[in-house]
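Chemist: Quick one: this structure, given as structure tokens, is what I'll be asking you about.
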Amino acid sequence: MSTEPSSTADGTQPSAAELQARVEELEETVAALEADDEQQKMTIVATQGTFDMAYPPLILASTAAAFGWDVVVFHTFWGLDILHEEKSQNLQLSAVGNPNMPMPNALAALPGMDRLATRMMQSRIDDNGTATIEELIDLSLEQGVELQACQMTIELMDYDEDDFYDDVTVGVGAATALQHMAESDIQLLV
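Under the numbering used here, think of the first position of the sequence shown as 20, with each following residue one higher.
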């Protein structure tokens with residue numbers, strides 16, 4: 020690698036002032052690129068509203084926000100129940116079709132098994148000191164996560180906008196969610 024300065028278009032060596040100007044220009048370019056990289060963006064689409072599926076989007080969102088990321092969680096279809104104050108208190112863990120449940124599907128399909136599986140998971144959460152869904156919602160909002168409720172789903176499920184936790188952004192359309200996704204470094208579907 021040569022340490023000789025490269026020549027200009029006319030074959031002459033650049034002056035010290037020209038080299039200094041070029042160095043400053045490169046430093047500004049690098050600084051601008053670093054500034055763009057400082058805050059990463061994440062969009063999570065939450066589509067499932069079971070007890071066990073309420074945790075992943077909220078844990079990922081609050082953790083990313085703790086790292087200073089710009090985070091949006093777009094809740095649609097059954098995922099909207101996570102943000103619904105009343106419904107979020109009664110989310111159930113589905114035992115049927117869950118390959119990690121320690122029971123066969125025939126047993127899991129019996130009446131009351133979802134409630135039993137939910138109680139067992141709630142007991143583990145309590146014993147472990149894991150945050151509740153409501154605590155994770157509060158934490159996410161405190162950290163600046165934008166929790167969005169899909170307008171079409173609000174209308175489809177016949178929910179009222181007042182049914183949701185305070186500070187939830189209601190009435191968000193798919194176009195707005197897609198715009199944030201397009202600008203995001205990370206997009207997740209949960």
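C-beta atoms are modelled at their ideal positions from N, C-alpha and C, and glycine is treated no differently.
Taking the alpha-carbon positions, what's the Gln206 to Phe86 distance?
Modeler: Cα-Cα distance, rounded: 16 Å.
Chemist: Which residue marks the beginning of the alpha helix (DSSP H) containing Met171, and which one marks its end?
Modeler: Run containing Met171: Gln170 to Leu175, per the alpha helix (DSSP H) assignment.
Chemist: Between the Cα of Asn119 and those of Thr149, Asp71, Thr82 and Ile101, spot the shortest distance and give me the residue it belongs to.
Modeler: Ranking Thr149, Asp71, Thr82 and Ile101 by Cα distance to Asn119 puts Asp71 first.
Chemist: If you check the beta carbons only, do Gly98 and Ala65 fall under 8 Å apart?
Modeler: It is a contact, given that the beta carbons lie within the stated cut-off.
Chemist: Using a Cβ distance threshold of 8 Å, determine whether the stretch 37-45 contacts the stretch 177-191, with at least three qualifying pairs required.
Modeler: Contact between the stretch 37-45 and the stretch 177-191 is absent, because fewer than three Cβ pairs lie under 8 Å.
Chemist: What three-state label does DSSP hand Thr188 in the structure shown?
Modeler: Here Thr188 sits in strand by DSSP.
Chemist: On the three-state DSSP scale, how would you describe Met61?
Modeler: Residue state, collapsed to three classes: strand.
Chemist: If we ignore side chains and look at the alpha-carbon of each, how far apart do Glu153 and Ser107 end up?
Modeler: Cα-Cα distance, rounded: 8 Å.
Chemist: Taking the alpha carbon of Ala196 as the reference point, which residue from Val49, Thr62, Gln58 and Thr82 has its own alpha carbon closest?
Modeler: Ala196 has its Cα closest to that of Thr62, out of Val49, Thr62, Gln58 and Thr82.
Chemist: Kindly give me the distance between the Cβ atoms of Tyr184 and Glu105, rounded to whole angstroms, as I take these residues to be in contact under 8 Å.
Modeler: Incorrect: roughly 11 Å between the Cβ atoms, too far for contact.
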